[in-house]
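Shown next, in structure tokens, is the structure this report addresses.
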């Protein structure tokens, strides 16, 4: 079946450090990948997305890297802040190309 | 306000009862989705609808039903056939149903079966 996985369920960093959250995916035909942030008891919020014709995309303090050869996606957060503490999910297209399939999430904890 | 409204936010149900979760959107998006989230798990797709009067099963549709009679509304019914319905339910929309655009999420409905 389809799956999206993350290498680590939890990540703890110090404020000001750079964070890297990793994700492996199974659908090599996916054209679209996306990262979400979810705070406790709330719906996920969009962070950044990338299409398969790119290997890197930058936003404000965030960068997404896509390696289609090994089916790996990563999210880099620069100068991590306490407000970045949340669960981060990666997602990609399903086989039918009609919906997004989500990974299990990485909980990022930022200490001051 | 533009957005997605899910109700109720919290719901308690006795075993054997059906319950319907509401999802309304005023974003004029074509596609709507229902996901289920369990503690420590990712989001799993229950049902989705790319257009009014049409919907498709996701990965875990058994024990659930939906309707899409209006563009703005995509209610989810959790039936008594769902063996483990306690979970956090998230409704989402996208501009189209191609799986290549951002999903916009509601704030979720937490269902507890007593």
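Protein chains in written order, with our numbering: chain Z, 19 to 130; chain F, 9 to 122.
Positions of the beta carbon are idealized from the N, C-alpha and C atoms, including for glycine.
query: Is the Cβ of residue 53(F) closer than 8 angstroms to any Cβ of chain Z?
result: To locate residue 53(F), count along the second chain from 1; it is residue 45. Chain Z contact via Cβ: present.
Quiz item: What is the rounded straight-line gap between the Cα of residue 108(Z) and the Cα of residue 17(F)?
Solution: For the purposes of this step, residue 108(Z) is taken as the residue at position 90 of the first chain. For the purposes of this step, residue 17(F) is taken as the residue at position 9 of the second chain. Cα-Cα distance, rounded: 25 angstroms.
Rounded to the nearest angstrom, how far is the Cβ of residue 92(Z) from that of residue 128(Z), given a contact under 8 angstroms?
-> Position 74 of the first chain, counting from 1, holds the residue named residue 92(Z). Position 110 of the first chain, counting from 1, holds the residue named residue 128(Z). About 18 angstroms; that fails the 8 angstroms criterion.
Give me the subset of the stretch 89 to 118 of chain F whose CB atoms are less than 9 angstroms from a CB atom of chain Z, sorted by chain position.
96, 98, 99, 100, 102, 105, 106, 107, 108, 109, 110, 111, 112, 113, 114, 115, 116 and 118
**Prompt:** Which residues in the same chain as residue 69(Z) place their Cβ atom closer than 7 angstroms to its Cβ, once the five residues preceding and following it in sequence are excluded?
**Reply:** The count along the first chain starts at 1 and reaches residue 69(Z) at position 51. If we look at residue 69(Z) and ignore the five residues flanking it on each side, its Cβ neighbours are 49 and 50.
task: Assign residue 36(Z) to buried or exposed, taking buried as 16 or more other Cβ atoms, counted over all protein chains shown, within 10 Å of its Cβ.
output: The residue labelled residue 36(Z) in the question sits at position 18 within the first chain. With fewer than 16 Cβ atoms within 10 Å of its Cβ, residue 36(Z) is classed as exposed.
Distance between residue 119(F) and residue 100(F) (C-alpha atoms, nearest Å): Position 92 of the second chain, counted from the start, is the residue given in the question as residue 100(F). Position 111 of the second chain, counted from the start, is the residue given in the question as residue 119(F). So the alpha carbons of these two residues sit roughly 17 angstroms apart.
Under a three-way DSSP split, which group does residue 67(Z) fall into?
Position 49 of the first chain, counted from the first residue, corresponds to residue 67(Z). Three-state DSSP puts residue 67(Z) in a strand.
task: Measuring only between beta-carbons, confirm whether residue 11(F) sits less than 8 angstroms from chain Z.
output: For the purposes of this step, residue 11(F) is taken as the residue at position 3 of the second chain. Chain Z contact via Cβ: absent.
In whole angstroms, give me the CA-to-CA distance for residue 99(Z) and residue 125(Z). Residue mapping note: residue 99(Z) aligns to position 81 of the first chain, counting from 1. Residue mapping note: residue 125(Z) aligns to position 107 of the first chain, counting from 1. Each residue's Cα considered, the two are about 14 angstroms apart.
Just to confirm the assignment, what range does the beta strand (DSSP E) spanning residue 113(Z) have?
Within the first chain, the letter at position 95 stands for residue 113(Z). It is not in any beta strand (DSSP E) - residue 113(Z) carries neither H nor E in the DSSP assignment.
Q. Mind listing which residues of the stretch 63 to 79 of chain F have their C-beta closer than 9 angstroms to chain Z's C-betas, in chain order?
A. 64, 66 and 67
Report task. On a CA-only basis, which of 24(F), 39(F), 106(F) and 27(F) is nearest residue 81(F)? Give me that one, please. Result -> Position 73 of the second chain, counting from 1, holds the residue named residue 81(F). Considering only alpha carbons, the answer is 39(F).
**Asked** Expressed to the nearest angstrom, what Euclidean distance is found between the alpha-carbon atoms of residue 94(F) and residue 86(F)?
**Response** In the second chain, residue 94(F) corresponds to position 86, counting from 1. In the second chain, residue 86(F) corresponds to position 78, counting from 1. Cα to Cα, residue 94(F) sits roughly 10 angstroms from residue 86(F).
Cutoff 8 angstroms; reference residue 78(F); Cβ partners in own chain excluding five residues on either side: As a working mapping, residue 78(F) is identified with position 70 in the second chain. Cβ within range, chain order: 60.
Limits of the beta strand (DSSP E) - the one that residue 85(F) falls within
In the second chain, the residue the question calls residue 85(F) occupies position 77. Unbroken beta strand (DSSP E) run through residue 85(F): 84 to 86.
Can residue 122(Z) and residue 109(F) be called in contact, C-beta distance under 8 angstroms?
By one-based count along the first chain, residue 122(Z) stands at place 104. By one-based count along the second chain, residue 109(F) stands at place 101. Cβ atoms of residue 122(Z) and residue 109(F): not closer than 8 angstroms.
Tell me the rounded alpha-carbon separation between residue 97(Z) and residue 23(F). For the purposes of this step, residue 97(Z) is taken as residue 79 along the first chain, with counting starting at 1. For the purposes of this step, residue 23(F) is taken as residue 15 along the second chain, with counting starting at 1. Distance between the alpha carbons of residue 97(Z) and residue 23(F) is about 48 angstroms.
Could you work out which residues of chain F lie near residue 116(Z), taking near to mean beta carbons separated by less than 8 angstroms? In the first chain, counting from the first residue as 1, residue 116(Z) sits at position 98. The contacting residues are 56, 58, 64, 105, 106 and 107.
Notebook entry, point to check: Can you name, in chain order, every residue of its own chain whose Cβ lies under 7 angstroms from the Cβ of residue 104(F), other than the five neighbours on each side?
Noted result: If you number the second chain from 1, residue 104(F) lands on position 96. Around residue 104(F): 38 and 39.
Original post:
Would you say residue 116(Z) touches the ligand MG, meaning its beta carbon is less than 7 angstroms from a heavy atom?
Top reply: With respect to the ligand MG, the structure shown offers nothing to examine, as it has no ligands at all.
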